[in-house]
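Asks: Let me give you the structure first, and then I'll get to my questions.
Residue numbers (the numbering used here): 41 to 297.
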């Protein structure tokens with residue numbers, strides 16, 4: 041009888057420990073712009089190692105789509121936009137619980153597997169062999185919006201607009217190029233520096249930043265996470281030297297405190 045009692049007690053303790061750990065773990069949900077996929081996944085991995093009791097989950101998509109969802113009470117805790125405008129609009133709607141933080145500045149590139157855009161730069165888009173040019177949807181994706189600004193700056197938008205194909209977000213636009221559904225495209229430097237894109241064997245040209253308004257990207261804690269210490273930890277971690285190093289590795293410019 042003593043052996044059975046000890047056996048039962050041991051498993052009871054183990055169960056309570058496991059249940060207690062699960063119960064203690066706090067979950068935070070993050071809505072993030074598609075251009076951040078690889079960089080933020082890496083940052084989140086480091087964050088989880090340092091904060092094992094916080095289950096931080098990231099969903100990626102178009103910033104404009106997330107703005108609509110959050111405006112309609114989607115239960116996200118943090119929002120990482122590809123611009124500063126969408127977080128500001130949420131602030132105006134009183135749907136935020138922190139200051140808006142600019143965490144990185146992105147860069148646009150022309151990327152293709154069929155041609156080397158470094159040779160003709162912006163004029164590579166005018167090549168007669170180019171039939172489809174992929175960009176993010178300028179209505180919902182800030183990287184798509186800036187791509188249009190650049191095309192207009194170089195006075196080639198009207199010549200190319202009939203060839204443009206739009207991805208819902210910058211990741212989808214990039215997939216159009218890698219799969220051959222577009223011959224060339226304007227995408228995020230952060231995406232072309234990922235291991236998978238490097239395997240594709242394409243070449244890229246960084247579009248001069250003076251051709252478009254800055255791709256300043258902002259994050260904010262949302263009203264849903266007001267007073268949530270786990271959300272605040274992630275929000276603060278994004279300004280750390282470790283996070284900045286990862287951002288820089290994937291081609292972003294950052295500011296650290």
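By construction, the Cβ of each residue, glycine as well, lies at the ideal position given by its N, Cα and C atoms.
Three or more beta-carbon pairs under 8 Å between the segment 190-202 and the segment 65-84, yes or no?
Replies: Segments in contact, no.
Asks: Which residues mark the beginning and the end of the beta strand (DSSP E) in which residue 130 is found?
Replies: Careful: residue 130 lies outside any beta strand (DSSP E), inside the alpha helix (DSSP H) at 125-132.
Asks: Suppose the cutoff is 6 Å on Cβ atoms and the five residues either side in sequence are ignored; what does the same chain contact list for residue 100 look like?
Replies: Hits under 6 Å: 72, 74 and 77.
Asks: Compute the beta-carbon to beta-carbon distance between residue 211 and residue 240, rounded to the nearest angstrom, for a pair I have assumed lies under 8 Å.
Replies: Wrong, their Cβ atoms sit about 14 Å apart, outside the cutoff.
Asks: Starting from the C-beta of residue 271, find all residues in its chain whose C-beta is less than 7 Å away, skip the five residues before and the five after it, and write them out in chain order.
Replies: Within the same chain, residue 271 has close Cβ partners 68, 117, 118, 261 and 265.
Asks: In terms of residue numbering, what span does the alpha helix (DSSP H) encompassing residue 288 cover?
Replies: Start and end: 281-289.
Asks: Note down the Cα distance separating residue 279 from residue 269, rounded to an integer number of angstroms.
Replies: Roughly 16 Å separates the two Cα atoms.
Asks: Check each candidate in 112, 132, 182 and 230 and name the one with the smallest Cα separation from residue 207.
Replies: For the residues 112, 132, 182 and 230, the minimum Cα distance to residue 207 belongs to 182.
Asks: By how many angstroms is the C-alpha of residue 123 removed from the C-alpha of residue 178?
Replies: Spanning the two alpha carbons is a distance of roughly 12 Å.
Asks: Does any heavy atom of the ligand GDP sit closer than 7 Å to the C-beta of residue 205?
Replies: For the ligand GDP, the structure offers nothing, since it holds no ligand at all.
Asks: By Cβ distance below 6 Å, which residues in the same chain neighbour residue 188 in space, the five residues on each side in sequence not counted?
Replies: If we look at residue 188 and ignore the five residues flanking it on each side, its Cβ neighbours are 178.
Asks: Alpha carbon to alpha carbon, what distance is there between residue 250 and residue 267?
Replies: If I take the Cα positions, the gap works out to 40 Å.
Asks: For residue 119, name the three-state secondary structure that DSSP assigns.
Replies: It is a strand residue.
Asks: From the DSSP output, which residues share a beta bridge with residue 232?
Replies: None, per the DSSP bridge assignment.
Asks: Contact between the segment 86-105 and the segment 139-146: three or more CB pairs below 8 Å?
Replies: Touching, no.
Asks: When the Cα atoms are used, what is the spatial distance from residue 273 to residue 154?
Replies: C-alpha separation (whole angstroms): 44 Å.
Asks: Using DSSP with H/G/I as helix, E/B as strand and the rest coil, what is residue 293?
Replies: Looking at residue 293 - three-state DSSP - the assignment turns out to be strand.
Asks: Just confirm the distance between the C-beta atoms of residue 180 and residue 254, as a whole number of angstroms; I'd bet it's less than 8 Å.
Replies: About 19 Å; that fails the 8 Å criterion.
Asks: If I measure Cβ to Cβ from residue 109 and keep anything under 8 Å in the same chain, skipping five residues before and after, which residues do I get?
Replies: 71 and 116, listed in sequence order.
Asks: Going by beta carbon distance, what residues of the same chain come within less than 7 Å of residue 283, once the five residues before and after it are set aside?
Replies: Counting only Cβ-Cβ distances below 7 Å, and skipping sequence neighbours, we find 83 and 277.
Asks: Among the residues of its own chain, which have a CB less than 8 Å from the CB of residue 263, if the five just before and after it don't count?
Replies: For residue 263, where only same-chain residues beyond five positions count, the Cβ hits under 8 Å are 134, 135, 136 and 137.
Asks: In the structure shown, what three-state DSSP assignment does residue 141 receive?
Replies: Looking at residue 141 - three-state DSSP - the assignment turns out to be strand.
Asks: By Cβ distance, which residues of its chain are closer than 7 Å to residue 61, with the 5 residues on each side in sequence left out?
Replies: Low per-residue confidence applies at residue 61: pLDDT is 46, beneath 50, and the placement is therefore not dependable, though the value from the model is reported in the following sentence. Cβ within range, chain order: n/a, list empty.
Asks: Identify, in the order they occur along the chain, each residue of the same chain with its Cβ nearer than 7 Å to the Cβ of residue 129, setting aside the five sequence neighbours on each side.
Replies: The residues are 107.
Asks: Would residue 186 and residue 291 be called neighbours here (beta carbons separated by less than 8 Å)?
Replies: No, these two residues do not count as a Cβ contact at 8 Å.
Asks: Would you tell me roughly how many angstroms separate the C-alpha atoms of residue 233 and residue 288, rounded to the nearest one?
Replies: Distance between the alpha carbons of residue 233 and residue 288 is about 11 Å.
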